[in-house]
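Engineer: Residue numbers (the UniProt record's numbering): 1 to 243. Beta carbons are placed, not taken as given, at the ideal position from N, Cα and C, and that holds for glycine.
1) Indicate whether the contact test is met: 3 or more Cβ pairs, each with one atom in the segment 219-237 and one in the segment 197-211, closer than 8 Å.
2) Assuming residue 138 contacts residue 182 under a Cβ cut-off of 8 Å, what Cβ separation, rounded to an integer in Å, is found between them?
3) Rounded to whole angstroms, how far is the Cβ of residue 130 from the Cβ of residue 230, which I believe are closer than 8 Å?
4) If I measure Cβ to Cβ from residue 101 and keep anything under 8 Å in the same chain, skipping five residues before and after, which residues do I get?
5) At what residues does the beta strand (DSSP E) containing residue 197 begin and finish?
6) Is the number of C-beta pairs between the segment 41-51 and the segment 67-77 that are closer than 8 Å three or more?
7) Using 8 Å as the cut-off, can you tell me whether the segment 73-87 makes contact with the segment 24-35, which would need three or more C-beta pairs spanning the two stretches below that distance?
8) Is the segment 140-159 in contact with the segment 194-202, if contact means three or more CB pairs nearer than 8 Å?
9) Have a look at the DSSP bridge pairing and note the partners of residue 226.
10) Using DSSP bridges, identify the partner residues of residue 129.
11) Does any CB atom of chain C fall closer than 7 Å to the CB of residue 18?
12) If you run the structure through DSSP and keep just helix, strand and coil, what is residue 247?
13) First and last residue of the alpha helix (DSSP H) that includes residue 19?
14) If contacts are defined as beta-carbon pairs under 8 Å, then residue 190 and residue 238 qualify, I think. What distance do you get, rounded to the angstrom?
15) So what's residue 73 in DSSP terms, helix, strand or just coil?
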């Protein structure tokens, strides 16, 4: 039998339960862990629509819950402050994405977006990646990884195939969307996202589109997405297929 969770003072049991559910825990296991009747936890799941939450909403909620937990911690370590800074930046990025969805303005995602010599108000060409942008994506990718995702990345450097035994909702779709996009713009290799359903495959596409806009103000369109990478010495292209 698993040990019970002692909830921190002021911690909302429903929030804890929701986070555990999105990590792949069963309703029965959650009820046991937080000492709450199973019917109560199941009622929370149904009334709050845990299964209907979009991937971005799940990530955002998890980020905020972890950030609040760290802020309320009395004796913070250097590692805690580093994580608070990282999570704070991620929450800020999420807020920019929400604002962009409402306004459609690129400046809401990247206020310091350079026009690269274009006329005022002229949009960046769709699907065009400048060589200089690749470093921005590499820095953004590295800055956002959790330790277990760094293990995935390291394994990919030496292994052609990686088999992952994982729980639900730990950021695998988010991670591999970014890793594959970065590989495409660095090497020109085409990428195929194969999922059980077209809807799930399109989650990869949504993550990639949001990341490109957020990081470099680049609008990605099409399905498949054909990327055109422009550099001082050579140009090349890569396509992203979502099946």
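Structural biologist: With the structure as the only source:
1) At 8 Å Cβ cutoff, the stretches touch.
2) Taking the chain shown and counting its residues from 1, the one referred to as residue 138 is at position 138. Taking the chain shown and counting its residues from 1, the one referred to as residue 182 is at position 182. About 7 Å separates the beta carbon of residue 138 from that of residue 182, a gap short enough to meet the 8 Å contact definition.
3) Walking along the chain shown from the start, residue 130 turns up at place 130. Walking along the chain shown from the start, residue 230 turns up at place 230. With a contact defined as Cβ atoms closer than 8 Å, residue 130 and residue 230 qualify at about 6 Å.
4) As a first step, residue 101 is located in the chain shown; it is residue number 101 there, counting from the start. Counting only Cβ-Cβ distances below 8 Å, and skipping sequence neighbours, we find nothing.
5) In the chain shown, residue 197 corresponds to position 197, counting from 1. Residue 197 -> no beta strand (DSSP E), and no H or E assigned at all.
6) Touching, no.
7) No, they do not touch.
8) Not touching, per the Cβ criterion.
9) As a working note, residue 226 is residue 226 in the chain shown. Residue 226 is bridged to 239.
10) As a first step, residue 129 is located in the chain shown; it is residue number 129 there, counting from the start. BP columns for residue 129 point to 229.
11) Judged by its chain identifiers, the structure shown contains no chain C, having just a single protein chain.
12) Shown here, the chain extends from 1 to 243; a query on residue 247 therefore has no answer.
13) Here residue 19 is taken as the residue at index 19 of the chain shown, counted from 1. Here the alpha helix (DSSP H) through residue 19 covers 13-22.
14) As a position in the chain shown, residue 190 is number 190, starting the count at 1. As a position in the chain shown, residue 238 is number 238, starting the count at 1. With a Cβ gap of about 6 Å, residue 190 and residue 238 count as contacting.
15) Stepping through the chain shown from its first residue, residue 73 is reached at position 73. Note: residue 73 maps to coil in three-state DSSP.
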